[in-house]
Amino acid sequence: MKFTPPDGLYVRPSKPEDKGFLESLHHSTRQDLQLIDGDKDFIESIIEMQFKAQSNGYGDQFPNAMYFIIEKHHERIGKATIDFGNNEVRLIEIALIPQARGLGLGAAVVQSFQQAAAQSGVPMTLSVLQNNYDAKRLYQKLGFKIESIKAPYELLIWYPPALRNIVLG
Numbered sequence: 001m002k003f004t005p006p007d008g009l010y011v012r013p014s015k016p017e018d019k020g021f022l023e024s025l026h027h028s029t030r031q032d033l034q035l036i037d038g039d040k041d042f043i044e045s046i047i048e049m050q051f052k053a054q055s056n057g058y059g060d061q062f063p064n065a066m067y068f069i070i071e072k073h074h075e076r077i078g079k080a081t082i083d084f085g086n087n088e089v090r091l092i093e094i095a096l097i098p099q100a101r102g103l104g105l106g107a108a109v110v111q112s113f114q115q116a117a118a119q120s121g122v123p124m125t126l127s128v129l130q131n132n133y134d135a136k137r138l139y140q141k142l143g144f145k146i147e148s149i150k151a152p153y154e155l156l157i158w159y160p161p162a163l164r165n166i167v168l169g
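Heads up: the sequence shown begins at 1 in the UniProt record's numbering, then just goes up one per residue.
Here is the structure:
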């Protein structure tokens, strides 16, 4: 399975030396926890514990998941966690550093994963928080539809063109 993001973007397997970047990226995505009224060290420990729990949870729930680093011109700007299953490509997580958000880079990476799913002849799925309106808008623009709702998440699905007529009629 091959995915090819546009020029300047590169998706590579995560390496042990990416750990510090991944922790920093996770921290930047948890602004909600940073708003907690409390001791800064205590809040940092909560964010760190949540990062570890999330990483372990992915491994338990998706044992075949692959972890990727997203780079732009050889600079790390994000991460993606993907499970290439027999019946679907599952986007488990995608996150970008604050400076890379809103520039279309996440959409470009998701589209490259959609191309990989299409090459394999399988749909692509992902879960998104119901109140994450920006992400839901992006996924809707990329052709994802709601498959099911299990609060607080929505399961979205995208069918490649070759499957769309068969599945959707």
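Every residue, glycine too, gets a C-beta built ideally from N, C-alpha and C.
Since the model is a prediction, treat every value here as computed from it, not as a measurement.
Coarse secondary structure for residue i, derived from DSSP in three states
i	result
Ile97	coil
Asp83	strand
residue 176	This structure cannot settle anything about residue 176, because the visible part of the chain is limited to 1 through 169.
Pro160	coil
Lys72	strand
Lys150	strand
Val128	strand
Val110	helix
Lys19	helix
Leu103	coil
residue 251	Lying before the first or after the last residue shown, residue 251 is absent from the chain, which here runs from 1 to 169.
Neighbour-count burial assignment, residue i, 16 or more Cβ in a 10 Å radius
i	result
Lys79	buried
Tyr139	buried
Arg90	buried
Ile70	buried
Pro116	Before going further, note that residue 116 is Ala rather than Pro in the sequence given. It is buried - the Cβ of Ala116 has at least 16 other Cβ atoms within 10 Å.
Phe42	exposed
Ile146	exposed
Leu103	exposed
Arg76	buried
Glu154	buried
Leu96	buried
Pro6	exposed
Of the residues the options, the one placed nearest residue i, counting alpha carbons only
i	options	result
Asn64	Asp83, Arg76 and Ser148	Asp83
Pro160	Lys15, Arg101 and Gln119	Gln119
Lys15	Leu9, Met66, Ile97 and Gly85	Met66
Ala107	Glu154, Asn131, Arg137 and Phe21	Arg137
Val11	Lys141, Ile94 and Gly102	Ile94
Glu88	His74, Leu142, Val109 and Phe62	Phe62
Gln111	Glu17, His73 and Phe144	Phe144
Asp18	Gly8, Phe68 and Asp60	Phe68
Ile149	Asp39, Ala162 and Leu129	Leu129
Leu9	Ala100, Asn131, Leu163 and Ala162	Ala100
Gln114	Leu142, Asp39 and Gly20	Leu142
Asp60	Ile92, Leu156, His74 and Leu105	Ile92
Lys72	Thr81, Asn86, Ala135 and Leu105	Leu105
Phe21	Gly85, Asn86, Pro98 and Asp39	Pro98
Any non-hydrogen atom of the ligand COA closer than 8 Å to residue i Cβ
i	result
Ser14	Within the structure as shown, the ligand COA is missing, as the structure has no ligands at all.
Would the segment 19-27 and the segment 115-128 be scored as touching if the rule is three or more Cβ pairs under 8 Å?
At 8 Å Cβ cutoff, the stretches do not touch.
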